[in-house]
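Participant: One structure follows; several queries about it will come next.
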Amino acid sequence: MHADIAVLAGDGIGPEVTRAALDVLHAVGQRYGHQFVEHHHLIGGAAIDASGDALPAETLAACRKADAVLLGAVGGPKWSDPKAKVRPEQGLLALRQELGLYANLRPVRPHPAALGASPIKAHLLTGVDLLVVRELTGGLYFGKKNRSADSATDVCTYTVAEIERVVRRAATLASARSGNLASVDKANVLETSRLWREVTTRVIAEEFPNVKLEHHLVDSMAMHLIARPRAFDVIVTENLFGDILTDEASMLAGSMGLLPSASLGDGKRGLYEPIHGSAPDIAGRGIANPIAAILSVAMLLRHSLDLPDEAQCVERAVSQCLDAHVFTADLADGGPSVSTEQLTRAVLTELGGCCYVPELRD
Ligand code: IPM
Ligand code: MG
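In case it helps, the numbering used here puts the sequence shown at residues 1003 to 1364.
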């Protein structure tokens, strides 16, 4: 197969972890006889520096033409002035909206060897296998914003259609897993949440008789995620709640550096990115954990390119590295740790079990 991948490395550790992920992608391509072509474009702070625009028109056009988009991270202190007219994050949000990527899949599967990196007791984590489906193009993120001297407003709107489509996606995914779906809202306070709950209940009752639906309030879900994470399988929720709950859920896995994501719309094209940010504090030091980016490539292979065997090959290689305690500093808990490149080499070596091992570039 030939696939065009738009690569938006972005800011901070974005370029380092994206490079690692692309090396893994090409190794899989060589082994299985696919040609993956990288097309690099600017987004976020790097794009603001170059053109004043966080999502230049040519970047968006390239993403529309590509089979999939691989993104590193955006943002950093250089562009964080609250008075700034353009912010790097606007580029990412515009890209998600322009490509119609309303369903953001964030799997959380603590690895047995990395349980020690989590602040949660290990016995609560064994067997946890969550998939958070975050609505990605609606809610507070995209409502009208207003600012006057002494007040500020962010409008939260959800339409029935916006709720239906993300709930259908989550329910379809739940059907292929345990059949359990937890919907998270704040229906005791918010009108948008009451609509969310009503629509979710109807869609599941009418279209997914085999899915068992429960509703949870977001505050109580924040607690249950820590107290009994094994009790959940697929979780569907609105944009802001999903943003917050997935940072929390990353602590079950032990590090933000482990969690990939796929942002999907109605077609095959998706945007794949780690859930972590640009980590300016460690950028350029070669110590960032590339696993979230590498696992994002696995999701890209599975969801945009329909290559499930290749995806599994990548996931297995990462898992074997963790089994062998090949940890970057975020996972090592003060013990011995490896660099981004060493971890990437280890993944490429493990890929050798099922994949050809290429030379890492200098
Ligand atoms: C995420 C990030 C983004 C978000 C930021 C960078 C705009 O936190 O992908 O979770 O809030 O969606
Ligand atoms: Mg976030």
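Cβ atoms here follow ideal geometry from the backbone N, Cα and C, with glycine treated the same way. Being a predicted model, the structure only gives us computed values, none of them experimental.
Report whether the distance from the Cβ of E1091 to the nearest heavy atom of the ligand IPM is below 6 Å.
Facilitator: By one-based count along the sequence shown, residue 1091 stands at place 89. At least one heavy atom of the ligand IPM is nearer than 6 Å to the Cβ of E1091, so yes.
Participant: Return yes when the Cβ of W1081 is within less than 7 Å of the Cβ of I1045, no when it is not.
Facilitator: Along the sequence shown, one-based indexing puts residue 1045 at 43. Along the sequence shown, one-based indexing puts residue 1081 at 79. Cβ distance not < 7 Å, so I1045 and W1081 don't count as in contact.
Participant: For G1286 and E1018, I'd like the C-alpha separation in whole angstroms.
Facilitator: The sequence position of residue 1286 within the sequence shown is 284, counting from 1. The sequence position of residue 1018 within the sequence shown is 16, counting from 1. About 8 Å.
Participant: Quick test of your reading: A1368 and V1088, contact by CB under 8 Å. State the CB separation rounded to the nearest angstrom.
Facilitator: Nothing in the structure corresponds to residue 1368, since the chain is present only between 1003 and 1364.
Participant: Listed by chain order, which residues have C-beta atoms less than 7 Å from any heavy atom of the ligand MG?
Facilitator: Any residue whose Cβ sits closer than 7 Å to a heavy atom of the ligand MG makes the list: D1245, T1248, D1249, I1277.
Participant: For the ligand HEM, is there a heavy atom less than 6 Å away from the beta-carbon of K1147?
Facilitator: No copy of the ligand HEM occurs in the structure displayed; its ligands are the ligand IPM and the ligand MG alone.
Participant: Counting C-beta neighbours from all protein chains within 10 Å, is the total for V1340 16 or more, i.e. buried, or is it exposed?
Facilitator: Position 338 of the sequence shown holds residue 1340. That one is buried.
Participant: Within a Cβ cutoff of 8 Å, which residues of the same chain sit near G1140, ignoring the five residues on either side of it in sequence?
Facilitator: As a position in the sequence shown, residue 1140 is number 138, starting the count at 1. Cβ neighbours of G1140 beyond the five flanking positions: Y1104, T1159, Y1160, T1161, E1164, E1240, N1241.
Participant: DSSP state of V1370, grouped into three classes?
Facilitator: The structure shown does not extend to residue 1370, since the chain is modelled only from 1003 to 1364, so the question has no answer here.
Participant: Is the beta carbon of S1120 closer than 7 Å to that of G1336?
Facilitator: Stepping through the sequence shown from its first residue, residue 1336 is reached at position 334. Stepping through the sequence shown from its first residue, residue 1120 is reached at position 118. No.
Participant: On the three-state DSSP scale, how would you describe F1408?
Facilitator: Because the chain here runs from 1003 to 1364, residue 1408 falls outside it and cannot be looked at.
Participant: What's the gap between the Cα of R1347 and the Cα of I1289?
Facilitator: Looking up residue 1347 in the sequence shown gives position 345. Looking up residue 1289 in the sequence shown gives position 287. Looking at the two C-alpha atoms, the distance is approximately 13 Å.
Participant: Return the CA-CA distance between L1227 and A1233, expressed in angstroms with no decimal places.
Facilitator: Stepping through the sequence shown from its first residue, residue 1227 is reached at position 225. Stepping through the sequence shown from its first residue, residue 1233 is reached at position 231. Each residue's Cα considered, the two are about 8 Å apart.
Participant: Quick one, which of V1316, T1330, P1338 has its alpha-carbon nearest E1352's?
Facilitator: By one-based count along the sequence shown, residue 1352 stands at place 350. Comparing Cα positions, the closest option is V1316.
Participant: Under DSSP, the alpha helix (DSSP H) around G1244 begins and ends at which residues?
Facilitator: The residue you call residue 1244 lines up with position 242 of the sequence shown. Where G1244 is concerned, the enclosing alpha helix (DSSP H) stretches over 1241 to 1255.
Participant: Quick check for students: name the residue ranges of the beta strand (DSSP E) that lie wholly in the stretch 1063 to 1151, counting only runs of 3 or more.
Facilitator: List check, beta strand (DSSP E) in window: 1070 to 1075, 1105 to 1110, 1132 to 1137, 1147 to 1149.
Participant: What does the alpha-carbon distance come out to for the pair V1191 and L1142?
Facilitator: Within the sequence shown, numbered from 1, the residue matching residue 1191 stands at position 189. Within the sequence shown, numbered from 1, the residue matching residue 1142 stands at position 140. If you take the alpha carbons of V1191 and L1142, they lie about 15 Å apart.
Participant: Quick check on the burial criterion: 16 or more other C-beta atoms within 10 angstroms. Buried or exposed for S1222?
Facilitator: Residue 1222 sits at position 220 when you count from the first residue of the sequence shown. Result: exposed.
Participant: Mapping DSSP to helix, strand and coil, what is L1010?
Facilitator: On the sequence shown, position 8 is the one that residue 1010 refers to. Correct three-state label for L1010: strand.
Participant: Please work out which residues of its chain come closer than 7 Å, Cβ to Cβ, to G1047, disregarding the five sequence neighbours upstream and downstream, and give them in chain order.
Facilitator: By 1-based counting over the sequence shown, the position of residue 1047 is 45. Same-chain partners within the cutoff: D1013, V1076, G1077, G1078, K1080, W1081, P1090.
Participant: Using only the alpha-carbon positions, how far apart do L1095 and A1313 sit?
Facilitator: The count along the sequence shown starts at 1 and reaches residue 1095 at position 93. The count along the sequence shown starts at 1 and reaches residue 1313 at position 311. When rounded, the distance between both Cα atoms is 27 Å.
Participant: Looking at C-alpha atoms only, which residue of H1041, S1053, M1003 is the closest neighbour of R1033?
Facilitator: Counting from 1 along the sequence shown, the entry for residue 1033 is found at position 31. It is M1003 whose Cα lies nearest to the Cα of R1033.
Participant: What runs of the beta strand (DSSP E), each 3 residues or longer, lie entirely inside the stretch 1255 to 1336?
Facilitator: Fully enclosed beta strand (DSSP E) runs of 3 or longer: 1264 to 1266, 1272 to 1274.
Participant: When you compare each of A1070, H1042, A1064, P1282 to R1304 by their alpha carbons, which one comes out closest?
Facilitator: Within the sequence shown, the letter at position 302 stands for residue 1304. Of the listed residues, the one whose Cα sits closest to R1304 is A1070.
Participant: Would DSSP call T1155 helix, strand or coil?
Facilitator: On the sequence shown, position 153 is the one that residue 1155 refers to. Reduced to three states, the DSSP call for T1155 is strand.
Participant: Here's the rule: buried if 16 or more other CB atoms are within 10 angstroms of the residue's CB, otherwise exposed. What is H1125?
Facilitator: Residue numbering aside, residue 1125 sits at position 123 when the sequence shown is read from its first letter. The residue is exposed, with fewer than 16 neighbouring Cβ atoms inside 10 Å.
Participant: Check the DSSP bridge columns for H1218 and list the partner residues they point to.
Facilitator: In the sequence shown, the residue the question calls residue 1218 occupies position 216. Paired residues: V1186.
Participant: Please work out which residues of its chain come closer than 7 Å, Cβ to Cβ, to A1064, disregarding the five sequence neighbours upstream and downstream, and give them in chain order.
Facilitator: Looking up residue 1064 in the sequence shown gives position 62. These residues qualify, in order along the chain: A1008, H1041, H1043.
Participant: Contact defined as beta carbons within less than 8 Å: I believe A950 pairs with H1278. What is the distance between those atoms, to the nearest angstrom?
Facilitator: This structure cannot speak to residue 950, because the chain is shown only from 1003 to 1364.
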